[in-house]
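The sequence shown lines up with residues 630 to 821 when you count with our numbering.
Okay, structure first, notes after.
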Amino acid sequence: MAELLQPETETTDPRILRSRRMLMDALARLLMKKEFEEISVQEIADEATLNRATFYLHYPDKNALLQAMTGVRFRDLIERRAITFTDCHGALRAIALGVCDYLAETTRCPSQLARISLEGSISPVVEGMFKEGLALHGIAPGVDAALLATTAAWAVFGAARRWFQTPNRIPAEEMAARIETMVNPVLFGSSQ
Numbered sequence: 630m631a632e633l634l635q636p637e638t639e640t641t642d643p644r645i646l647r648s649r650r651m652l653m654d655a656l657a658r659l660l661m662k663k664e665f666e667e668i669s670v671q672e673i674a675d676e677a678t679l680n681r682a683t684f685y686l687h688y689p690d691k692n693a694l695l696q697a698m699t700g701v702r703f704r705d706l707i708e709r710r711a712i713t714f715t716d717c718h719g720a721l722r723a724i725a726l727g728v729c730d731y732l733a734e735t736t737r738c739p740s741q742l743a744r745i746s747l748e749g750s751i752s753p754v755v756e757g758m759f760k761e762g763l764a765l766h767g768i769a770p771g772v773d774a775a776l777l778a779t780t781a782a783w784a785v786f787g788a789a790r791r792w793f794q795t796p797n798r799i800p801a802e803e804m805a806a807r808i809e810t811m812v813n814p815v816l817f818g819s820s821q
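Put into structure tokens, the structure is as follows:
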């Protein structure tokens, strides 16, 4: 059961990947028609032509599905843009650029996805990326790595959100560099 709840990128069973993709696609189609809050798990399962039990084998609730869908789209965006993580500092800038791009791309889409609170779906993905990086990066004793990852993720998202809401905004690449400059001391100031 635990392996079924793993992120899509960690499993290789084609049946699991296919079911998860079908559920994500079904949610995306439903978001074109109605608000997220109005969509039930049963509707998602029906739209995906899967049963409700299959939904629950993969996701505990529709919020988890939305978060997984956001994560896949965010990682796809980073891949499409050919953003590479050459070192920890380069990763911070790449993630910031990815968040800027994601905000711009998602809010331009004609679906209800543009109106969903992106904080709850993109911040956990960014937080997970930072946790992965911190696991490889030494931090000072007594520093809570999870809290540090959360703080950095919300700082990146908040700055990118502010950038996106600014009229006549600077290019995303320039904003990513500014975010990197601001968040770098928070994230890497706890290094050993």
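Note that CB positions come from ideal geometry on N, CA and C, so glycine has one too.
The three-state secondary structure of Ile768, taken from DSSP, is strand. Around the beta carbon of Asp690, a 10 Å sphere encloses fewer than 16 other beta carbons of the protein chains shown; the residue is thus reported as exposed. Its Cα nearest to that of Arg650, the residue Arg702 stands out among Arg791, Cys729, Ile668 and Arg702. Rounded to the nearest whole angstrom, the CA to CA distance from Arg658 to Asp730 is 22 Å. Of the residues Leu732, Val812 and Leu765, the one whose Cα lies closest to the Cα of Gln794 is Leu732. It is roughly 43 Å from the alpha-carbon of Arg798 to the alpha-carbon of Arg644.
Looking from the CA of Glu756, the closest CA among Ile768, Gly700 and Ala801 belongs to Gly700.
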